[in-house]
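Peer 1: The structure that follows is given in the form of structure tokens.
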Amino acid sequence: MKTMQRSAAAVETTAAAVFRIALGVEYNGSAYYGFQLQNNELPTVQGALEKALSEVAGGEPVRLVCAGRTDAGVHACEQVLHFETSVMRKPAGWLFGSNRYLPKDISVLWVHQVTEDFHARFSACRRRYRYVIYSDPVRPALLGTSITWTHKSLDVGRMNQAAKYLLGTHDFSSFRDSDCQAKSPVKTLDGICLTKYGRFIVLDVRASAFLHHMVRNIAGTLMKIGAGEKPPEWMQQVLQARQRAAAGATAPAYGLYLVQVEYPEQFNLPRRPLGPHFLGAMPDVFAGTNDENQS
């Protein structure tokens, strides 16, 4: 009788076990109405991922938590997510199983079982975005919704001069969307740099957190300066104005990529080269500057 009771207890313990799984995901956001689920059942990245993971979990519902909710049209080279499940699978099972059910514009890159104190959003130390501009008189036919195209010639030197005003801790109200729900407009940029690669101009921005549309509004303002419409010093005036109307237009979503989310080493998450991949092996402009401001 005691043996049967112990066996029953063991079964209950196994059934109640909950595994926390982290995963890195790459996606082209062009066909989706953002990452987050929508009430109107429009296609979202979260919806596609949860459907695929639920298939691998044998029909058990999966609810994802993300490091950062990207808007409609925005891409990710490595979005980080986590979910909890009572279903036991090897990392390779989750990885290849989910990719089997996902559309071609979403891929799971890695899967890692984590401890219960890991949280995709709240455990993140820093987030990094890249905004990709293609500067050429002729519109590129093949890059489509992977970049932001401008026919204007942009001076990267002027843009980097202007970007220096944004380093450090500031009130970024001038770069905040009117629908932003953040409690405070004060954020800290510990890295911002623009680099030219042929016809590509890449804006690298790194911070612990960002306001809604913050990177795209910064990009739009820098493009006006790069085109010679405003001097580099104008960026300081925009920042001090603390009014959205003072800055440039919001740059299109298609040029924006979430490229990296950093976590404490204790979680031992995989590291991958920074994207987007069509730019090739780009040097890391922030390499060796983890604890210092960079421009």
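Position in the sequence shown (first residue = 1) + 188 = the working numbering. For every residue, glycine included, the Cβ atom is placed at its ideal position computed from N, Cα and C.
For H358, which beta-bridge partners are listed by DSSP?
Peer 2: The residue given as residue 358 occupies position 170 in the sequence shown. K375, per the DSSP bridge assignment.
Peer 1: Tell me, please, which residues DSSP counts as bridged to E272.
Peer 2: Numbered from its first residue, the sequence shown carries residue 272 at position 84. Per DSSP, R208.
Peer 1: Can you tell me where the beta strand (DSSP E) holding L391 begins and where it ends?
Peer 2: For this step, residue 391 is matched to residue 203 along the sequence shown. Per DSSP, L391 belongs to the beta strand (DSSP E) from 388–395.
Peer 1: Leaving out five residues before and five after V250 in sequence, what residues of the same chain have Cβ atoms less than 7 Å from its Cβ?
Peer 2: Sequence index remark: in the sequence shown, residue 250 carries index 62 (1-based). Same-chain partners within the cutoff: E238, L241, S242, F271, T273.
Peer 1: So D293 packs on Y215, CB below 8 Å; how close in whole Å?
Peer 2: The residue labelled residue 293 in the question sits at position 105 within the sequence shown. The residue labelled residue 215 in the question sits at position 27 within the sequence shown. Yes, D293 and Y215 are in contact; Cβ-Cβ is about 6 Å, under 8 Å.
Peer 1: Do the stretch 304–318 and the stretch 442–453 make contact, defined as three or more Cβ pairs closer than 8 Å?
Peer 2: Yes, the stretch 304–318 is in contact with the stretch 442–453.
Peer 1: So G217 packs on V268, CB below 8 Å; how close in whole Å?
Peer 2: In the sequence shown, counting from the first residue as 1, residue 217 sits at position 29. In the sequence shown, counting from the first residue as 1, residue 268 sits at position 80. 16 Å between Cβ atoms; not a contact.
Peer 1: Thinking just about the alpha-carbon of each residue, which of A205, A210, V253 is nearest to the one in L225?
Peer 2: Taking the first residue of the sequence shown as position 1, residue 225 is located at position 37. For the residues A205, A210, V253, the minimum Cα distance to L225 belongs to V253.
Peer 1: Output needed for L211: all residues of its chain with C-beta closer than 6 Å, excluding positions within five of it in sequence on either side, in chain order.
Peer 2: Here residue 211 refers to the residue found at position 23 of the sequence shown. Excluding sequence neighbours, L211 sits near L269, V296, V299.
Peer 1: According to DSSP, is A245 helix, strand or coil?
Peer 2: Taking the first residue of the sequence shown as position 1, residue 245 is located at position 57. Reduced to three states, the DSSP call for A245 is coil.
Peer 1: Using the rule of at least 16 other Cβ atoms within 10 Å of the residue's Cβ for burial, across every protein chain shown, is G332 buried or exposed?
Peer 2: If you number the sequence shown from 1, residue 332 lands on position 144. Label assigned to G332: exposed.
Peer 1: Within 10 angstroms of its Cβ, does L246 collect 16 or more other Cβ (buried), or is it exposed?
Peer 2: Taking the sequence shown and counting its residues from 1, one reaches residue 246 at position 58. In the sequence on display, residue 246 carries Gly and not Leu. Its Cβ having fewer than 16 others within 10 Å, G246 is exposed.
Peer 1: If I follow the unbroken alpha helix (DSSP H) through L413, where does it start and stop?
Peer 2: The count along the sequence shown starts at 1 and reaches residue 413 at position 225. The sequence shown places Ile at residue 413, rather than the Leu named in the question. That run of the alpha helix (DSSP H) goes 402–414.
Peer 1: Does the stretch 356–376 come close enough to the stretch 450–460 that 3 or more CB-CB pairs lie under 8 Å?
Peer 2: Cβ pair count under 8 Å is below three, so no.
Peer 1: Which stretch, first to last residue, makes up the beta strand (DSSP E) that contains R318?
Peer 2: As a first step, residue 318 is located in the sequence shown; it is residue number 130 there, counting from the start. Element bounds for R318: 314–323.
Peer 1: Which class does T566 belong to by DSSP, given the choice of helix, strand or coil?
Peer 2: This structure leaves residue 566 out entirely; the chain is present only between 189 and 483.
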